[in-house]
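Numbers 1185 to 1646, taken from this note's numbering, label the letters of the sequence shown in order. Down below is the structure, laid out as structure tokens.
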Amino acid sequence: MEPCCKKSGSDTLPVECVIRDHYAAVSRWWTSVNHRTDNQDHSRRKILIADDEPAVVRVLDKLVKMLFKCETIVVQDGDAALEACEREAPDVLIADMVMPGLNGIELITAVNTKWPYIDIVVVTGQLDDFPYVKVIRAGATDFLAKPFQQGELEAKLLRVFRERDLREAEIIAESKYRSLFENNTDGMAILDETSRIITSVNSAFCRLMGGSEDTFTGKSVLNFVDESERIRFDAGLQLCAQNGQGTLSDVALISQDARKIFMDVSLTFINVMREHLVCLTFKDTTERRNLEQRLVEVAQVDSLTGLFNRRAFNTELDVAVSRARSGATPLTMISIDVDNFKKCNDTLGHQAGDRVLKTLGRLIRKNIRSNTDSGFRCGGDEFSIIASNAHAEAATQIAERLRAEYQENEVHGTSLSIGIAEYRPGMSVKDFIRTADDAMYRAKALGKNNLSVARPDDTPAS
């Protein structure tokens, strides 16, 4: 037992007397109290009292039961305290600083290491050389100086209980949050607001992106955003942070199998335990986007040949001419007309005519450069090719291949007349089209199944 006062014969009363009188005073005080300001029920709490002095144990045991109606367990040494912690799992350990067996800093450290959820209140009578900092660092929650006032014990235990209530509420909230987070059908990720590092992802996000939790956590969210979208995504995060929430639409993410997935991303900024976090919710819009793209294609693609239609031709030509006017790249147009097509239709029927048009569409797609050229069915048997970043010489090679391969197919006596015109500074879009058409008509005038290249000084027919 750690001494809390001088022995009998000194100018201080013996500890037994102090404790007896102290307990009597506590009893009188408690009897006089008609109600308590703290209405929280703490009877579910379990308190372990470890002290080798019976008088101290009696006071603590009766006081705790009277104040809080808690269950108490009493032991007389540190080793028994460890066994009781293992067996009883108490909420709070009230331990004397000095007693037989394991005690002091060693006891506090042992309990805190194995059962960090147990709050430890240390009782001491040696205040002058009490190692306050070491005790707290070892894991103690608080301490009591002997002899203590009745209100001191209640105040300290109330604080301990309230802090435990808060921690337990946080655990419950965390469990509910984790359940909602993990079971959400939308992909979700938590990341640090400053570093953009992902700290947590749910199962739906892993399924969307084709990876495990370890694939994503600890890495920047920008690593999984398409390179072309990273600046927009990061700027969107900064902008949404000002309002605490927001949405980024059609963000392209790259899955683990290198697929591009389009997402609508909802952002909510939250502060948890001084951490500034961002909760991201991902809705996969790839299917919707593909549907929209298909609808656009239906509006711009000729269903018979698979080439772009007249509307798409007008749109793309405007853009191509604007680029060519800047002088950055050359631009050439190829105008194509099917010779004898009306005769084929009238003689062999529309099915034969459709086969001819399909053959031409297939050959145009085969012979144009996939990254720079576009083929169009402008109407009936009239076709065009916009050859970007190409001079007339390169376009002529495309046209010659197309004309030759066309004749190798079953085309029912039809052939191709092809006109080629390179864009010249000062040309309007209409002049450019007319110049290519004029060249095509010259090819037809040469006996059909031919091609003609517009000369630099050719003026379009009015």
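We put the beta carbon where it would ideally sit given N, CA and C, even for glycine.
Rounding to the nearest angstrom, what Cα-Cα distance links Pro1284 and Tyr1361 in this structure?
Cα to Cα, Pro1284 sits roughly 46 Å from Tyr1361.
Between Lys1526 and the rest of its own chain, which residues show a CB-CB distance below 7 Å, the 5 nearest in sequence each way excluded?
Cβ neighbours of Lys1526 beyond the five flanking positions: none.
Could you give the residue range of the beta strand (DSSP E) that holds Glu1592?
Taken as a continuous stretch (DSSP letters only), Glu1592 belongs to no beta strand (DSSP E), as it is neither H nor E.
Closer than 6 Å by C-beta to Gln1426: which residues in its own chain qualify, once you throw out the five before and the five after it? Chain order, please.
Here the set comprises nothing.
Helix, strand or coil: how does DSSP classify Cys1254 here?
In the structure shown, Cys1254 sits in coil (DSSP, three-state: anything other than H, G, I, E or B).
For Val1305, report the span of its beta strand (DSSP E) as first-last.
Segment Asp1303 to Thr1308, the beta strand (DSSP E) holding Val1305.
For a test of the three-state rule: what should DSSP assign to Met1517, helix, strand or coil?
Correct three-state label for Met1517: strand.
Would Asp1658 and Ser1599 qualify as a contact pair, given that the criterion is a beta-carbon distance under 8 Å?
Beyond the ends of the chain as shown, which are 1185 and 1646, falls residue 1658; an answer cannot be given.
Can at least three beta-carbon pairs, one atom from the region 1487-1498 and one from the region 1469-1479, be found at a separation below 8 Å?
No, because fewer than three Cβ pairs between the region 1487-1498 and the region 1469-1479 fall closer than 8 Å, the two stretches do not touch.
Would you kindly check if the distance between the Cβ of Ala1536 and the Cβ of His1596 is under 8 Å?
It is a contact, given that the beta carbons lie within the stated cut-off.
For the region 1555-1606, which segments carrying the alpha helix (DSSP H) assignment without a break, of at least 4 residues, lie completely within its bounds, in sequence order?
Taking only runs of at least 4 residues, the alpha helix (DSSP H) segments lying wholly in the region 1555-1606 are 1576-1591.
Is it buried or exposed for Ala1508, if we count other Cβ within 10 angstroms and need 16 for buried?
When all chains shown are included, Ala1508 counts as buried.
What residues are listed by DSSP as bridge partners for Ser1404?
The partner list for Ser1404 (beta bridge, DSSP) reads Ile1381.
Kindly list the residues whose CB is nearer than 8 Å to the CB of Pro1609, restricted to its own chain and excluding five residues on each side of it in sequence; keep chain order.
Same-chain partners within the cutoff: Arg1509 and Gly1511.
Beta-carbon separation of Ile1651 and Leu1392 under 8 Å?
Outside the displayed range of the chain (1185 to 1646) lies residue 1651, so it cannot be described from this structure.
Which first and last residues belong to the alpha helix (DSSP H) in which Asp1659 is found?
Residue 1659 is absent from the model: the chain starts at 1185 and stops at 1646.
Can you give the beta carbon distance from Val1385 to Phe1400, rounded, assuming they're within the 8 Å contact cut?
Val1385 to Phe1400, Cβ: 5 Å. Contact.
How long is the line joining the alpha carbons of Ala1496 and Leu1635, rounded to whole angstroms?
If I take the Cα positions, the gap works out to 25 Å.
Considering just the uninterrupted stretch of the alpha helix (DSSP H) at Val1344, what are its terminal residues?
That run of the alpha helix (DSSP H) goes Gln1334 to Asn1367.
Contact check, Leu1286 vs Gly1262 under 8 Å by CB: the rounded distance?
Going by Cβ atoms, the distance from Leu1286 to Gly1262 rounds to 3 Å, so yes, they are a contact pair.
Might you give, ordered along the chain, the residues of its own chain that have their beta carbon closer than 7 Å to the beta carbon of Phe1616, omitting 5 neighbours on each side?
These residues qualify, in order along the chain: Val1505, Met1517, Ala1605 and Tyr1607.
With DSSP as the reference, label Lys1298 as helix, strand or coil.
DSSP places Lys1298 in helix when its eight states are reduced to three.
Compare the beta carbon distance of Glu1366 and Ser1396 with 8 Å and say whether it is the shorter of the two.
Against a cut-off of 8 Å, the Cβ pair of Ser1396 and Glu1366 comes out as no contact.
In whole angstroms, what separates the C-alpha of Ile1548 from that of Gly1428?
In a straight line, the C-alpha of Ile1548 is about 53 Å away from that of Gly1428.
By a C-beta neighbour count over all protein chains shown, 10 Å radius and 16 as the cutoff for buried, is Glu1358 buried or exposed?
With fewer than 16 other Cβ atoms within 10 Å, it is exposed.
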